[in-house]
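Here's the structure, in structure tokens; my notes come after.
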Amino acid sequence: MQITFWGVRGSYPVPGAATVRYGGQTSCVEVRSTSGECLIVDAGTGMRALGNKLLREAQGPMHHHVLLSHVHWDHIQGMPFFGPAYVPGTKISVYALLTAADELNDVIGGITRHEFFPMPLEAVPAHFEFHQVEPGVDFEIGPFHVMPIALNHPFGSVGYRIDCDGSSWAYVADTAPFDQVLHKQHFLKGPEPLSEDDRIALAAMREALVRRLDGVDTVIYDTHFLPDEYARFPHYGHSTPDQALEICGLAKVRRLVLYHHAPTHGDEQMDKIAAEYLAKGANVGIEVLTSFEGMTLPIGPEPGAT
Amino acid sequence: MKIRFWGVRGSFAMSGRDFLRYGGNTTSVELVTNAGQRLLIDLGTGATELAKSLMSVEFGKGQGSLPILLSHTHLDHIQGLPFFTPFFIKGNEIRILGANPISGLSLESTLQNQLAPHYSPLNGLENLAAGVSIETITAGDTIQLPGFEVVTAAVPHGSMWTTAYRITADGKTVAYLSDVEYPSPEEPVDIALGLAQDADLLIHDAMHADHDYEQRRGWGHSPARAGVVLAERAGAKKLALFHHSPDATDDMIDEVVTRTAASTAVPVFAAAEGSYLDI
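Chains as they are written, first to last, in my numbering: chain A, 33 to 338; chain B, 16 to 294.
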């Protein structure tokens, strides 16, 4: 199995000289099995370039599978610019969390409503179908075994553990840590006091995440914030690399990949973050990589052995 | 009057080495009068860059006031809204002015939909800390803003209309026609001619290179040629090619500028992110 990063940025695309090396496009990851089958995780702006590559490779109309963590703009904005959607005969299956999938057709259709985009979803040649996912209920897509995991993010988000070709990786974005804030279905001006039930819910979410990540080869984690940034915005729904390392340590993960970089973190700062956490990871026996646009990673204990 | 381009790209924000000179951010243009009054047109991702500079002046202290004109609500013209930091500071007063996007749908409910809880943790305009007013324009209105007189008009954009603006301040005039397509590049609509009449600067949709246009006719955007024809007929003094295609690299835009400039006596340049112009 192999994964390729098409967008690694959080919140919104960031063009310019400061993002040339790590990339400015938002969340989108391509997964390939050894046999060449493809899964797409998240449909941020990185999806445009992925779509163009898939079009160049395609022999004819394809069936694409897109797992969504949630439907904030930075995770769906690439969908209307996904080239294969305009090839007649193409089928696109979209998977998302129950709370969103109730209205997923409306939500995804909503971004192409006339006021936002020139062509409504109904007029796009590809046939779209929508599937609800539920944390804890596994399913198969071709050779991939997919396990959705509940995460802590405004209005809900879901991570995915994906097993294939005798190895595994997981996509853990977007999520806040599991101590200070419990994200629910309302706007947070700041952290709200936690009830006893909230604490129980957070502990259960954290425990389930650690259990599901147990022994996973590679974990891609929302590490939007540095610790001082997190301290100012604990209610924004994102984590720090330290928090990701803690979870990965408990789950005995081999490799952590920092992901969903803050739009304000330019290349030079990203270099520092990469070096700092490579060293911190080494202290606890975890290889820490920092994702950049275009990065391809073989998944498995022996790189290249997949 | 000074003008600064913060975002010049159409449709989609483009990052990477091929887009560094003209810039990859989607549309946002700032106008400032000699007395320092400010006006913003469109809220593409370019607005997030402007926001950083505004936060270091009165907007960071909650003492800023800013009118923002929207040409329309396609995503590339509003995607910077949720990240425009002056909205998050109490005390700032921000007016968003634009036409209703389509009949039966208000500008306000469209922007509310953009911030709906599925799409954005902001969960609605009411959660922006600044004072925000959404003001509906009827195309054809003339609007007085502090320091600026703004004439508005509806121009064709594929199957819909966008609002184009003729803005006058300090005795100088800028015409902004982004996202527009005429029946033919050689036939600008009368209303566009009126807006651009004798303008000191015409900012015009140039999404397509002339040789690419035929296969993209009807998509709602212009080739560079359309801006030239309009500028010549309307007597505009200078033409800024704007709303560059996401597929147009810096080198490709250079070529379009060279070819376009050779075809007309009107001074032509391609709008570049971060560039200033004193009008």
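Glycine residues also receive a C-beta, built at the ideal position from the N, C-alpha and C atoms.
Model, not experiment: these values are computed from the prediction.
Item                                                                                                                                                                  : Value
Check the Cβ of V103 of chain A against every Cβ in chain B and list those closer than 8 Å, keeping chain order.                                                      : H133, Y134
Under the rule that 16 or more other beta-carbon atoms within 10 Å means buried, what is I182 of chain B, buried or exposed?                                          : buried
Thinking C-alpha only, which one of B:E64, B:V272, B:G106 is nearest V283 of chain B?                                                                                 : B:V272
Do the segment 175-191 of chain A and the segment 189-209 of chain B touch if we need at least three Cβ pairs shorter than 8 Å?                                       : no
Roughly how many whole angstroms lie between the Cα atoms of N84 of chain A and L292 of chain B?                                                                      : 36 Å
By the three-class DSSP mapping on this structure, what secondary structure does K343 of chain A have?                                                                : Nothing can be reported for residue 343 of chain A: it is not among the residues displayed for chain A, which extend from 33 to 338.
State yes or no: is the beta carbon of E3 of chain A nearer than 8 Å to at least one beta carbon in chain B?                                                          : Examination of residue 3 of chain A is not possible in this model, given that chain A is present from 33 through 338 alone.
Thinking just about the alpha-carbon of each residue, which of A:E147, A:P112, A:A240 is nearest to the one in V156 of chain A?                                       : A:P112
Grouping DSSP H, G and I as helix and E and B as strand, with all else coil, what is T255 of chain A?                                                                 : coil
Does N107 of chain B get closer than 8 Å to chain A when you measure Cβ to Cβ?                                                                                        : no
Is any beta-carbon of chain B found at less than 8 Å from that of T207 of chain A?                                                                                    : no
In or out: P47 of chain A buried (at least 16 other Cβ within 10 Å) or exposed?                                                                                       : buried
Quick one, are the C-beta atoms of T77 of chain A and Q57 of chain A less than 8 Å apart?                                                                             : yes
Take the Cβ of D254 of chain A as the centre, count every other Cβ of all protein chains shown within 10 Å, and call the residue buried at 16 or more, exposed below. : buried
Hey, out of B:S148, B:S124, B:G173, whose CA is closest to N138 of chain B's CA?                                                                                      : B:S124
Buried or exposed: A276 of chain A, going by 16 or more other Cβ atoms within 10 Å of its Cβ?                                                                         : buried
Would you say Q212 of chain B faces chain A, with C-beta separation under 8 Å as the test?                                                                            : no
For D225 of chain B, which residues in the same chain have their Cβ closer than 7 Å to its Cβ, ignoring the five residues on either side in sequence?                 : P238, A239, R240
Report the option in B:P261, B:G289, B:R274 whose CA atom is closest to the CA atom of D33 of chain B.                                                                : B:P261
On the CB-based measure, 16 or more other CB atoms within 10 Å of its CB, does P335 of chain A come out buried or exposed?                                            : Note that P335 of chain A scores 46 on pLDDT, short of 50, meaning its location in the model is unreliable and no value can be drawn from it.
Rounded to whole angstroms, what's the CA-CA distance from A283 of chain A to V248 of chain A? Just pull it up for me.                                                : 8 Å
Quick check: the Cα distance between A202 of chain A and G110 of chain A, rounded to an integer number of angstroms?                                                  : 21 Å
Quick check for students: name the residue ranges of the alpha helix (DSSP H) that lie wholly in the segment 233-282 of chain A, counting only runs of 4 or more.     : 259-264, 273-282
Under the assumption that L153 of chain A contacts G168 of chain A (Cβ atoms under 8 Å), give the Cβ distance between them as a whole number of angstroms.            : Contact flag wrong, Cβ pair sits at about 30 Å.
Which term fits E229 of chain B, buried or exposed, when burial requires 16 or more other beta carbons within 10 angstroms of its beta carbon?                        : exposed
Taking 7 Å as the cut-off, does the CB of R287 of chain A come closer than this to any heavy atom belonging to the ligand ZN?                                         : Looking for the ligand ZN in the displayed structure turns up nothing, as the structure carries no ligands at all.
Applying the 10 Å Cβ sphere with the 16-neighbour rule, what's the burial state of I318 of chain A?                                                                   : buried
With S80 of chain B as the anchor, note down where its beta strand (DSSP E) starts and where it stops.                                                                : 80-84
Does L69 of chain B come within less than 8 Å of chain A when only Cβ atoms are used?                                                                                 : no
Taking 8 Å as the cut-off, decide whether the C-beta atoms of V316 of chain A and I252 of chain A are in contact.                                                     : no
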